[in-house]
Amino acid sequence: MAMEPQYLDALVVGAGFGGIYQLKKLVDQGLNVKGIDMADDVGGTWYWNRYPGAMSDTMSFLYRYSWDHEDLISYPWSHHYLQGPEILAYLNHIVKKYDLRKHFQFKTELLSAQWNDEERRWFVTLSSQEVLKVKYLVTGLGLLSKTNFPAFPGLENFKGELYHTARWPKNTDLKGKRVGVIGNGSTGVQLITAIAKAEEVKQLLSFQRNPQYSVPSGNGPVPIEQRKHLNETYEQAWEQAKNSLFAYGFDEELNRPVASVSSEERERIFEESWQQGNGFRFMFWTFSDITVNEEANIAASDFIKNKIRKTVKDPEKARKLCPTEWYARRPLCDGGYYEQFNRENVDIIDIKNNPIVELTSEGIKTTDGKLYELDVIICATGFDAVDGNYTRIAIQGRNGETLKDHWSKTGPTSYLGISVPKFPNLFMISGPNGPFSNLPPAIECHVDIISDLIARAEKSDLPKAVNGTNGHLYVHTNDIGVAESANGIVEALPEAEQEWTALCDELSSKSLFRRIDSWIFGKNVPGKKATTMFYFAGLGPYRKTVREILDDDLRGFKRF
Ligand code: NA7
0 MAMEPQYLDA LVVGAGFGGI YQLKKLVDQG LNVKGIDMAD DVGGTWYWNR
50 YPGAMSDTMS FLYRYSWDHE DLISYPWSHH YLQGPEILAY LNHIVKKYDL
100 RKHFQFKTEL LSAQWNDEER RWFVTLSSQE VLKVKYLVTG LGLLSKTNFP
150 AFPGLENFKG ELYHTARWPK NTDLKGKRVG VIGNGSTGVQ LITAIAKAEE
200 VKQLLSFQRN PQYSVPSGNG PVPIEQRKHL NETYEQAWEQ AKNSLFAYGF
250 DEELNRPVAS VSSEERERIF EESWQQGNGF RFMFWTFSDI TVNEEANIAA
300 SDFIKNKIRK TVKDPEKARK LCPTEWYARR PLCDGGYYEQ FNRENVDIID
350 IKNNPIVELT SEGIKTTDGK LYELDVIICA TGFDAVDGNY TRIAIQGRNG
400 ETLKDHWSKT GPTSYLGISV PKFPNLFMIS GPNGPFSNLP PAIECHVDII
450 SDLIARAEKS DLPKAVNGTN GHLYVHTNDI GVAESANGIV EALPEAEQEW
500 TALCDELSSK SLFRRIDSWI FGKNVPGKKA TTMFYFAGLG PYRKTVREIL
550 DDDLRGFKRF
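The sequence shown begins at 0 in numbering that gives the first Met the number 0 and counts up one residue at a time.
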């Protein structure tokens with residue numbers, strides 16, 4: 000039997016950094032709102048990515064919300080970086096502190112959402128069989144959330160354990176096992192380092208297609224004095240981060256091309272950064288042109304390759320670990336990745352020259368006819384990033400067009416990374432062409448904008464939902480005439496989306512990142528349309544631009 004629809008002001012999808020903050024904001028704004036997540040608890044990315052070594056590579060003091068000063072100065076953390084479980088604990092702490100759990104419904108998936116022009120609401124179907132009618136649909140589905148699980152032939156034949164890092168099961172035991180890891184991006188590098196260091200596995204083979212550039216993270220305990228100083232200057236620290244390009248806690252170098260210094264000075268600057276640690280710092284604090292100038296890029300790559308050769312004792316392993324592409328993927332850092340290959344039980348299998356042919360019952364077979372016998376295969380193969388979670392759900396705007404349809408010709412697009420024409424009152428947290436930066440402050444910025452847009456829509460007097468007899472909050476459409484109301488809608492104009500898309504494209508046009516097949520330009524998943532996925536001018540300029548748009552009576556949006 001079909002369930003009675005439940006009327007809500009807003010549905011927030013996702014219980015990660017974005018969903019938690021969005022829910023809090025809308026509750027604070029007096030809306031009746033519900034949050035859902037497929038997982039059985041909060042955490043989003045950090046709920047799913049429980050693989051050994053999972054860590055944020057943003058400094059701990061900036062990998063959190065900025066809006067609770069008391070919490071910022073009192074919540075404990077010990078190291079420069081946070082491990083996955085610490086981030087989960089932090090998010091749980093925030094949910095508890097603000098009593099948000101009661102608004103969330105877990106193990107619940109958004110199946111479909113259809114805009115209804117007559118009622119001016121989203122009709123939403125959930126996996127729980129519930130049907131909701133909501134004014135605002137806010138999606139915090141995660142940039143890196145839908146897994147990319149390559150369809151290797153024979154996947155089903157492997158009789159050992161087969162995992163994807165972003166669906167890591169609880170209580171996995173790798174002791175004494177022969178483990179193969181496919182993929183060596185951010186995740187693979189962290190995983191390989193952690194598993195090798197734990198010294199539990201019998202053998203660890205990294206099935207590597209393209210070697211990556213990684214620099215030390217510089218992780219370690221935070222001295223008490225440093226924390227004390229931070230607590231005294233936290234507001235300035237956020238101010239700096241939010242107005243910088245990537246919000247990683249340093250001022251990016253904007254005026255020092257590699258060619259402007261002597262080779263000795265260049266080495267000194269690279270070495271200083273290497274000693275200090277952090278991938279973003281190495282790429283963006285040292286010089287201003289590593290990602291846009293070929294010679295500068297080669298200088299940085301050569302520095303890292305020399306470090307690899309010095310670190311890895313076996314020349315053949317070192318050769319395999321030295322990248323051959325531009326240094327133009329998301330910058331990585333590690334806690335001793337290259338060092339792990341000095342262990343006898345850790346090796347690299349070059350699957351660029353000898354690709355994987357199939358998985359057999361025993362392990363992985365490559366084109367050179369070799370069969371690598373394994374007990375566990377771990378796919379650290381990344382994500383169908385940014386739009387992957389949107390195109391798998393039927394989100395239908397005006398005229399029945401889905402987001403997938405809308406994006407089928409151009410690739411994923413939006414206005415400000417938030418709003419899409421013909422999808423009224425749909426607000427994406429970190430949608431396509433949002434700012435490329437440390438995620439929590441970017442997410443926070445999106446949530447603040449969305450909350451502002453919703454507050455403005457609310458001012459246009461849509462009737463408030465009322466308490467129903469069944470305990471739900473709902474509105475009787477017929478009683479109070481929602482269908483007749485012409486207010487409360489915010490929607491991007493098509494030309495605003497086109498201009499924003501063209502701007503994002505232009506901003507990345509000179510970047511060497513575009514020449515690499517990575518998720519940042521949608522080039523990591525077979526069949527996916529390669530396109531610009533981010534606004535690359537930085538978080539600071541993004542925030543300034545958005546502020547101007549909001550102050551200019553919502554330029555690029557229509558309201559009705
Ligand atoms: P990434 O960065 O997309 O890395 C995925 C890795 O998996 C990378 O080494 C890929 O090789 C490899 N891969 C993907 N598909 C295949 C197939 N079919 N065969 C062999 N190898 C494959 O994902 P991560 O999870 O590491 O990181 C994603 C982001 O999360 C990261 O940037 C941070 O922002 C957090 P390739 O390089 O394409 O040759």
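All C-beta atoms in this analysis are idealised placements derived from N, C-alpha and C, irrespective of residue type, glycine included. Quantities reported herein were computed from a predicted structural model and do not represent experimental measurements.
Next item on the list: Could you check what DSSP says for W273 in three-state terms: helix, strand or coil?
Entry: Here W273 carries a helix assignment [DSSP, helix/strand/coil].
Check: Alpha carbon to alpha carbon, what distance is there between I548 and G52?
Finding: Straight-line Cα distance between these residues: approximately 41 Å.
Next item on the list: To the nearest angstrom, report how far apart G381 and A165 are at their CA atoms.
Entry: When rounded, the distance between both Cα atoms is 8 Å.
Item checked: Paired residues, beta bridge with H79 - DSSP -> Beta-bridge pairing links H79 to no other residue.
Check: Cβ-heavy atom distance between N209 and ligand 2 below 7 Å?
Finding: In terms of ligand content, the structure shown lacks ligand 2 and carries ligand 1 instead.
Next item on the list: Compute the beta-carbon to beta-carbon distance between I191 and L173, rounded to the nearest angstrom, for a pair I have assumed lies under 8 Å.
Entry: So it is not a contact: roughly 12 Å between Cβ atoms.
Check: By Cβ distance below 6 Å, which residues in the same chain neighbour H68 in space, the five residues on each side in sequence not counted?
Finding: none
Check: Does the Cβ of M282 have 16 or more other Cβ atoms within 10 Å, making it buried, or fewer, making it exposed?
Finding: buried
Note to self: One question on the structure: do L561 and L109 come within less than 8 Å of each other, judged by their Cβ atoms?
What the structure shows: Residue 561 lies beyond the range of the chain shown here (0 to 559); nothing can be said about it.
Next item on the list: Find out if the Cβ-Cβ distance for the pair F426, I488 is shorter than 8 Å.
Entry: no
Next item on the list: Could you tell me the distance, in whole angstroms, from the CA atom of G219 to the CA atom of R255?
Entry: As the crow flies, the alpha-carbon of G219 is around 29 Å from that of R255.
Next item on the list: Tell me, to the nearest whole angstrom, how far the beta carbon of V446 is from that of Q21; I am working on the premise that it is less than 8 Å.
Entry: 5 Å
Notebook entry, point to check: Just reading off the beta strand (DSSP E) that I35 is part of, what are its end residues?
Noted result: 32 to 35
Item checked: Helix, strand or coil at G182 [DSSP, three-state] -> coil
Item checked: Contacting residues, own chain, Cβ-Cβ under 6 Å from Y135 (five flanking each side not counted) -> A9, N424, I453
Check: Quick one: does the C-beta of G396 sit closer than 7 Å to a heavy atom of ligand 1?
Finding: no
Check: Under 8 Å between the Cβ atoms of I428 and A112?
Finding: no
Check: Going by beta carbon distance, what residues of the same chain come within less than 6 Å of L402, once the five residues before and after it are set aside?
Finding: So the qualifying residues of the chain are Y389, I394.
Margin query: On a Cα-Cα basis, can you pick out the residue from S508, K527, K509 that is closest to S517?
Written below: K527
Item checked: Beta-carbon separation (whole angstroms), V214 vs I303, contact threshold 8 Å -> Taking the Cβ atoms as the reference, V214 lies roughly 7 Å from I303, within the contact range of under 8 Å.
Margin query: Buried or exposed, going by whether 16 or more other CB atoms sit within 10 Å of the CB of K145?
Written below: buried
Note to self: Between the region 57 to 64 and the region 98 to 109, can you find at least three pairs of beta-carbon atoms closer than 8 Å?
What the structure shows: no
Next item on the list: With a threshold of 7 Å, establish whether the CB of S144 neighbours any heavy atom of ligand 1.
Entry: no
Next item on the list: Please confirm whether any heavy atom of ligand 1 lies closer than 7 Å to the CB of S185.
Entry: yes
Item checked: Backbone CA spacing between R513 and E496 [nearest angstrom] -> 21 Å
Next item on the list: Confirm, please, whether the CB-CB distance from A299 to F269 is below 8 Å.
Entry: Contact flag set, yes.
Check: What did DSSP end up calling N48 once you bin it into helix, strand or coil?
Finding: coil
Notebook entry, point to check: Under 7 Å from any heavy atom of ligand 1, does the C-beta of I181 make it?
Noted result: yes
Check: Buried or exposed: which applies to A258, given that a residue is buried once 16 or more other Cβ atoms fall within 10 Å of its Cβ?
Finding: exposed
Notebook entry, point to check: Which of the three DSSP states, helix, strand or coil, is assigned to D478?
Noted result: Annotation note: pLDDT 37 at D478 (below 50); position unreliable, coordinate value reported separately. The answer is helix: DSSP assigns D478 an H, G or I state.
Check: Does DSSP put T412 in a helix, in a strand, or in coil?
Finding: coil
Check: Cβ atoms of L358 and N156: under 8 Å apart, would you say?
Finding: Taking 8 Å as the Cβ cut-off, N156 and L358 qualify as a contacting pair.
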